[in-house]
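Position 310 (the sequence shown) corresponds to 317 in the working numbering; numbering is contiguous. To start, the structure itself, in structure tokens.
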Amino acid sequence: MAFNHNSKFSEIHMAWEKAISSGEIERNIVRPEIAQSWIRCYKAGVDPGYNGTKRRFLSPAALEQTLAEHHELIEVSRPFMKQLYSLVAGSGFIVILSDQDANLLESLGDTETMEIAERNDLVKGANWAETEAGTNGIGIALVERKPVQVSGPEHYCKGLHFWTCSAAPIFDEDHQIIGALQLSGPAENAFIHTLGMVAASVNVIEEELRLIKKNNELACMNNHLNFIMEYMKDGILIVDREGIITQANPAASQLLNLSLKELQGGSAKEITGSDQATMEMLATGKAYNDEEIMFAGRNGNMHLLGSGKAIYDNCGDINGGIIFIEPMKNVKNLVNRFSGAHARFSFDDIIGDNPELREAINIATLAAGNDSNVLIVGESGTGKEVFAQAIHNQSSRRNGPFVAVNCGAIPRELISSELFGYVEGAFTGANRRGRPGKFELASGGTLFLDEIGDMPFEQQVALLRVLQEKKIVRIGGQSVLPVDVRIICATNKDLLKEVERGNFRQDLYYRLNVFSVNLPPLRNRQEDIPLFLDYFLERWATKDGVPRKQVDPEVLHYLQQYHWPGNIRELQNVLERMVGLCSGDRIGVDNLPQEILAPTAPPAPSPDKTIAVTTLREKHKDVLAERERQEIMNLLSKYGGNISRVARDMEISRNTVYRKIKQYNINL
């Protein structure tokens, strides 16, 4: 409610005098918010005869700090204060801004009115809380949290009875009061519309503050985004709904060899050429991941790996998209997706003490120390891929991809596309985006060509050319792509005989056979069968969480006499079947499959043979122990008895070093 008639003042004045003298408030005359304010002022001990001569002011330092803290509120409010004042200019009104504690921050009015206001402490730094100035517009607005008009004798202090005040609190977006706006003037000029003008101005101020905060948040988010984009290794392109690039990061600029200025404002369609993945994403929202895309850069077309995701607005409509690009060499996920292969074996995983096997390990270890091609020869099931992975994992390429290809399992007509890849539309049924070949996927790592002896003769020419030039051309394409690949091949054939028969190129054989690793068949490794028994039985027991099964000596005899055409793979299969068939805790002859028993009648176990095998295993353990003892003694001598340095060199703990010193009776 606001005043419509100044004649009301006399009634209010009489009610004020009665309230001051008797404490009784005539509520039929005094508005509720005014009555409540009078009561608060009375309880706070405010002097109703107060004329402002003892008002509380902020110190100069406190005022400076307060103005600094509310700088944004002042700057935002100032133009709206001017606009509000323009509506009442010349009528004796001033516009006042306070903070949330009723400290005045800014005032605006004509010279004469400002002089009057100054005499009544309507100046910066003055506090106009109810507890200081009694009932007034700012004081009530901050307490009641709503717009209010206080006119004439409604003021608790007599010195303010000639003023009218229309004030409204200013809220932030969390509905916390941050200040108040007030229009003050002569009491006789009190009008009901004045309060509406103030409230409208406050609404605009609040909205402007919200917009500024949102803009600041957006700017902050944009700064964070720019920071992230700048330091990301992947190239990033942000496009609008039309496919126009609005942002790009330095990585994208470097990959495409185009400046950020050239990228921004350009069309993603032009950069991605005939590829439709991005435009389809913007049209349908369909994301794409790890797609090979031919990007157009300053240096011509280049194959890059691209991923895209649509950006949606609050209404769920597509508003643009983000594209990630990276070099094809960073395709570990793509490698796994296409080949399903990765190198997980090392030389420590190779089981056996057979002299031929140890010689193969020595040669393979030497081969791992350089980048030359390796040819692994052995029957099926002897562990050729295990050796290939071990070589890779001990080589300088261990952090690169390991891609395996079985040359004998790929149809003749598809082997070229499998090895060298193809471009879009190269042949009927081809992936519409093209596909990288195994050479590209293995770039920076190792390509393992298993069963190389089964590669068609006409494809051997193409393989030889790649080995010589270190470059490939995809099927149906023209771009020459450099590849950095280490080749390891494996075969179960005698390639020299295949050369004589005209099935294998002689020049390719010598190109591949830089290091030759020959793996002995299991039938020549009888002494290793107990080691395989130990390994597999222990692994399965640990995996299943059950006690390990024991093996009768007769079983070992049969296993060592068998010729093992399937080698280690067959042995593993037989052992797994025996464990599954054994209901007790010992594997006996009755658990052996018929093909193991068939070659001979069940013989009595040979104690000498069992003892010989056991002795061989114990001898091997003694040899290893003596090697380890000698290594520890040499390191102790080298490091002057420093246990920590010995442990660091051996890559074991200090406690383990102490235990082994005690075990081997080494004197410190």
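Cβ atoms here follow ideal geometry from the backbone N, Cα and C, with glycine treated the same way.
Inter-residue spacing [alpha-carbon to alpha-carbon] between residue i and residue j
| i | j | result |
| --- | --- | --- |
| L599 | K550 | 23 Å |
| A411 | N326 | 43 Å |
| A197 | N127 | 18 Å |
| F234 | P257 | 11 Å |
| E18 | E24 | 10 Å |
| N400 | E583 | 28 Å |
| L456 | M657 | 35 Å |
| T617 | G460 | For T617, the pLDDT reaches just 39, beneath the cut-off of 50, and the residue's location in the model is therefore unreliable, leaving the point undetermined. |
| G483 | E299 | 16 Å |
| L312 | R419 | 28 Å |
| A26 | A148 | 22 Å |
| G186 | S173 | 14 Å |
| I251 | E431 | 25 Å |
| P560 | G552 | 25 Å |
| E139 | Q271 | 59 Å |
| M21 | E122 | 30 Å |
| E76 | A69 | 10 Å |
| N222 | N230 | 12 Å |
| P334 | G292 | 25 Å |
| V155 | P67 | 30 Å |
| Q467 | M301 | 29 Å |
| K165 | G56 | 5 Å |
| S486 | G376 | 33 Å |
| L578 | G428 | 38 Å |
| H570 | A605 | 12 Å |
| I594 | V586 | 7 Å |
| I659 | L503 | 46 Å |
| Y516 | I278 | 43 Å |
| N641 | D360 | 25 Å |
Sub-9 Å separation of residue i and residue j beta-carbons
| i | j | result |
| --- | --- | --- |
| G444 | D491 | no |
| E505 | I479 | no |
| R351 | Q396 | yes |
| I398 | T453 | yes |
| L216 | A175 | no |
| G192 | I101 | yes |
| Q261 | L232 | no |
| F464 | R518 | no |
| N574 | S387 | yes |
| I650 | R666 | no |
| G328 | N525 | no |
| V157 | I41 | yes |
For residue i, the nearest candidate out of the options (CA to CA)
| i | options | result |
| --- | --- | --- |
| E635 | T663, R351 and N649 | T663 |
| N264 | R248, S274, K15 and G242 | G242 |
| N499 | E392, I325 and N308 | E392 |
| L65 | L111, D54 and R47 | L111 |
| G304 | Y671, F511, G273 and V102 | G273 |
| N580 | C589, F543, E561 and Y565 | F543 |
| D247 | L202, I330, I184 and E363 | I330 |
| Q557 | E545, N369, V155 and L104 | E545 |
| R45 | I103, G144 and A96 | The displayed chain sequence assigns Trp, not Arg, to residue 45. When only C-alpha atoms are compared, the closest one is G144. |
| A275 | S105, I245 and E224 | I245 |
| K240 | E386, I332 and G56 | I332 |
| G441 | R152, G591, H310 and I278 | H310 |
| E602 | C589, Y565, A632 and G595 | Y565 |
| V209 | S105, A194, A226 and V150 | S105 |
Beta-ladder partner(s) of residue i, from DSSP
| i | result |
| --- | --- |
| C172 | V157 and S191 |
| F464 | Note: F464 sits in no beta bridge, so no partner. |
| L382 | C496 and S523 |
| H310 | M301 |
| K316 | I329 |
| F64 | A133 |
| E113 | L104 |
Cβ-heavy atom distance, residue i to the ligand NAD, below 8 Å
| i | result |
| --- | --- |
| Q601 | No copy of the ligand NAD occurs in the structure displayed, which carries no ligand at all. |
Chain C contact for residue i (CB, 9 Å cutoff)
| i | result |
| --- | --- |
| L643 | The structure shown has no chain C; it contains just one protein chain. |
Counting beta carbon pairs with one atom in the region 373 to 382 and one in the region 419 to 427, are three or more of them shorter than 8 Å?
Output reads no: the region 373 to 382 does not touch the region 419 to 427.
Segment contact flag, the region 144 to 164 with the region 25 to 44, C-beta cutoff 8 Å, min 3 pairs
Flag = yes, the region 144 to 164 and the region 25 to 44 touch.
Is the region 108 to 125 touching the region 78 to 88 in the sense that three or more CB pairs, one from each, lie closer than 8 Å?
Result yes; three or more Cβ-Cβ pairs closer than 8 Å.
Within the chosen definition, does the region 128 to 137 reach the region 88 to 97 through at least 3 CB pairs nearer than 8 Å?
The answer is no - the region 88 to 97 does not touch the region 128 to 137, with fewer than three Cβ pairs under 8 Å.
Count Cβ pairs between the region 515 to 534 and the region 359 to 378 that sit closer than 8 Å; are there 3 or more?
Using a C-beta cut-off of 8 Å, the region 515 to 534 makes contact with the region 359 to 378, since at least three inter-stretch Cβ pairs fall below that distance.
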